[in-house]
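*Asks:* Counting with the working numbering, you get residues 9 to 273 for the letters of the sequence shown.
Just so it is clear, CB atoms sit at the ideal spot from N, CA and C, and this is done for glycine as well.
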Amino acid sequence: MRHHALALVALAAASSAVSAQTISYTGATYTQNFDGLASNVAGTTQAGRGPFALATGLPGSTGVSGWYAGNIGGSSPNSEFRSQDGSLSSSAGRGVISYGASASGERALGVLTTSNQIPRFGALFTNNTGTVLTAVTITFTGEQWRRGDVATPDVLQFVYGFASDISVVTTRVAALDFASVNTSTTATNIALNGNDPANQRLVSATISGINWAAGTTLAIAWDATELTGQDDGLSVDNFSLSAVPTPGSAALLGLAGLAGLRRRR
Ligand SMILES: [Ca+2]
Ligand SMILES: [Ca+2]
């Protein structure tokens, strides 16, 4: 009996691990503007490195299910989350950040690193199109909300893989990185307006040659860098993901190809 009960407990733990909330990808372009992120979280500390659902780390957040973050690389065993406008640094401002002007509903998801907190954040997408997808296009606006004081740019480094956990994927795509746009050496350790185009960069790339099987989960994530000195505050906004070709357009291309063949005859 005792062994049976233990087996049930183990089964429950295993099934909760596999049932991570994922975004259902059915062929339409998925978009995320992060404006559901809480604007008023002074700070929470989650026990462990996570990854944690954003609504857990940033209580009150809505519309961001399938997105996760945690302190994957920092010296602390715990993960810090907060809302801020780029004016806070060090232990008062670090971690996974809901960036935006104070009390504004226009939010972006990002990080401010210290050696203590070096987060990874990202999302899980399940292929529910019923067919294999071979390429994925990702587009987003990189926004810089704080200028630290290091000459080297901070970088959000993109990784992906097929797993139901953003913390385990390792394939790098540098074309989907976002590096600091403001590396001024005269105006340092200041907040920046990440909604100002001067502090933004549009990033877009297609990951091709993949085998994203029906029913499986694609994990995408960005790793923060940690530099000696005060780091820049970087974030992602206006994110979109679509499979290329989408199943619909693949069928249309097939029909067009057939029509072309007929015409040639
Ligand atoms: Ca936004
Ligand atoms: Ca924005």
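1. Within the continuous alpha helix (DSSP H) that includes Ser99, where are the two ends?
2. Are the segment 180-192 and the segment 209-222 touching by the rule of at least three beta carbon pairs closer than 8 Å?
3. Which two residues bound the contiguous beta strand (DSSP E) that contains Ala77?
4. Provide the residue span of the alpha helix (DSSP H) that contains Thr64, from first to last.
5. Using only alpha-carbon positions, find the residue among Gly103, Thr134 and Gln40 that is nearest to Phe60.
6. How many whole angstroms separate the CB atoms of Asp157 and Gly237, which I take to be in contact at a CB cut-off of 8 Å?
7. Using CA atoms only, rank isn't needed, just tell me which of Thr53, Trp153, Arg209 and Leu62 is closest to Thr30.
8. Let's test the definition: count the other Cβ atoms within 10 Å of the Cβ of Ala195 and tell me whether it reaches 16, buried, or not, exposed.
9. Check whether the Cβ of Asn203 lies closer than 7 Å to any heavy atom of ligand 2, and answer yes or no.
10. Starting from the C-beta of Ala251, find all residues in its chain whose C-beta is less than 6 Å away, skip the five residues before and the five after it, and write them out in chain order.
11. Give me, in chain order, the residues of the same chain whose beta-carbon lies closer than 8 Å to that of Gly44; leave out the 5 immediate sequence neighbours on both sides.
12. Under 7 Å from any heavy atom of ligand 2, does the C-beta of Asp245 make it?
13. What alpha helix (DSSP H) runs, 4 residues minimum, are completely inside the segment 195-248?
14. Comparing alpha-carbon positions, which option in Leu242, Tyr38 and Leu249 lies nearest Gln152?
15. Can at least three beta-carbon pairs, one atom from the segment 168-176 and one from the segment 198-209, be found at a separation below 8 Å?
16. Considering only their Cβ atoms, is the gap separating Arg128 from Ile105 smaller than 8 Å?
17. On the CB-based measure, 16 or more other CB atoms within 10 Å of its CB, does Gly94 come out buried or exposed?
18. Gly78 and Ser87: beta carbons closer than 8 Å?
19. Taking the beta carbon of Gly138 as the centre, do at least 16 other beta carbons fall within 10 Å, making it buried, or is it exposed?
20. So what does DSSP say about Arg10, is it helix, strand or coil?
21. Determine, using beta carbons only, whether Leu164 and Ala227 come nearer to each other than 8 Å.
22. Give a single yes or no on whether Ala301 has its beta carbon closer than 7 Å to a heavy atom of ligand 2.
23. Within a Cβ cutoff of 6 Å, which residues of the same chain sit near Gly118, ignoring the five residues on either side of it in sequence?
24. Can the beta-carbon of Asn136 be found closer than 8 Å to that of Ser32?
25. In the DSSP assignment, find the beta strand (DSSP E) that holds Glu151 and state where it starts and stops.
*Replies:* Here's the rundown:
1. Translated into positions along the sequence shown, residue 99 becomes position 91. Ser99 -> alpha helix (DSSP H) spans Ser98 to Gly101.
2. With the cut-off at 8 Å, the segment 180-192 and the segment 209-222 touch.
3. Counting from 1 along the sequence shown, the entry for residue 77 is found at position 69. Unbroken beta strand (DSSP E) run through Ala77: Trp75 to Gly78.
4. Along the sequence shown, read from residue 1 onward, the residue named residue 64 stands at position 56. For Thr64, the enclosing alpha helix (DSSP H) has its first and last residue at Leu62 to Gly65.
5. Residue 60 sits at position 52 when you count from the first residue of the sequence shown. Nearest C-alpha to Phe60: Gly103.
6. Position 149 of the sequence shown holds residue 157. Position 229 of the sequence shown holds residue 237. Right, the Cβ-Cβ distance comes to about 5 Å (below 8 Å), so this counts as a contact.
7. If you number the sequence shown from 1, residue 30 lands on position 22. Nearest to Thr30 by alpha-carbon distance, out of Thr53, Trp153, Arg209 and Leu62, is Leu62.
8. On the sequence shown, residue 195 is found 187 positions in, with the first residue counted as 1. Exposed, because fewer than 16 other Cβ atoms sit within 10 Å of the Cβ of Ala195.
9. Along the sequence shown, one-based indexing puts residue 203 at 195. Yes; taking the cut-off as 7 Å, the Cβ of Asn203 has a heavy atom of ligand 2 nearer than that.
10. Residue mapping note: residue 251 aligns to position 243 of the sequence shown, counting from 1. Cβ within range, chain order: Leu141 and Val144.
11. On the sequence shown, position 36 is the one that residue 44 refers to. Setting aside the 5 residues that flank it on each side, Gly44 is surrounded in the same chain by Ser69, Thr70, Gly71, Val72 and Arg115, each with a C-beta closer than 8 Å to its C-beta; the list follows chain order.
12. As a first step, residue 245 is located in the sequence shown; it is residue number 237 there, counting from the start. At least one heavy atom of ligand 2 falls within 7 Å of the beta-carbon of Asp245.
13. Fully enclosed alpha helix (DSSP H) runs of 4 or longer: not present.
14. Counting from one through the sequence shown, the residue named residue 152 turns up at place 144. Among Leu242, Tyr38 and Leu249, the Cα nearest to that of Gln152 is on Leu242.
15. Two segments are said to touch when three or more pairs of C-beta atoms, one from each, lie closer than 8 Å; by this definition the segment 168-176 does not touch the segment 198-209.
16. Along the sequence shown, read from residue 1 onward, the residue named residue 105 stands at position 97. Along the sequence shown, read from residue 1 onward, the residue named residue 128 stands at position 120. No, the Cβ-Cβ distance between Ile105 and Arg128 is not below 8 Å.
17. The count along the sequence shown starts at 1 and reaches residue 94 at position 86. Under a 10 Å Cβ-count criterion, Gly94 is classified as buried, with 16 or more other Cβ atoms of the shown protein chains found around its own Cβ.
18. On the sequence shown, residue 78 is found 70 positions in, with the first residue counted as 1. On the sequence shown, residue 87 is found 79 positions in, with the first residue counted as 1. Yes, these two residues count as a Cβ contact at 8 Å.
19. In the sequence shown, residue 138 corresponds to position 130, counting from 1. With a 10 Å radius around the Cβ and a threshold of 16 neighbouring Cβ atoms, Gly138 comes out exposed.
20. For the purposes of this step, residue 10 is taken as the residue at position 2 of the sequence shown. With a pLDDT of 45 at Arg10, under the threshold of 50, the modelled position of that residue is not reliable, and the figure given next carries that caveat. Helix at Arg10.
21. If you number the sequence shown from 1, residue 164 lands on position 156. If you number the sequence shown from 1, residue 227 lands on position 219. For Leu164 and Ala227, no; Cβs fall outside 8 Å.
22. Nothing about residue 301 can be reported from this structure: the residues present for the chain run from 9 to 273 only.
23. As a working mapping, residue 118 is identified with position 110 in the sequence shown. Counting only Cβ-Cβ distances below 6 Å, and skipping sequence neighbours, we find Ile105, Tyr107, Leu242 and Ser243.
24. The residue labelled residue 136 in the question sits at position 128 within the sequence shown. The residue labelled residue 32 in the question sits at position 24 within the sequence shown. With contacts defined as CB atoms closer than 8 Å, Asn136 and Ser32 qualify as a contacting pair.
25. Along the sequence shown, one-based indexing puts residue 151 at 143. Where Glu151 is concerned, the enclosing beta strand (DSSP E) starts and stops at Leu141 to Arg155.
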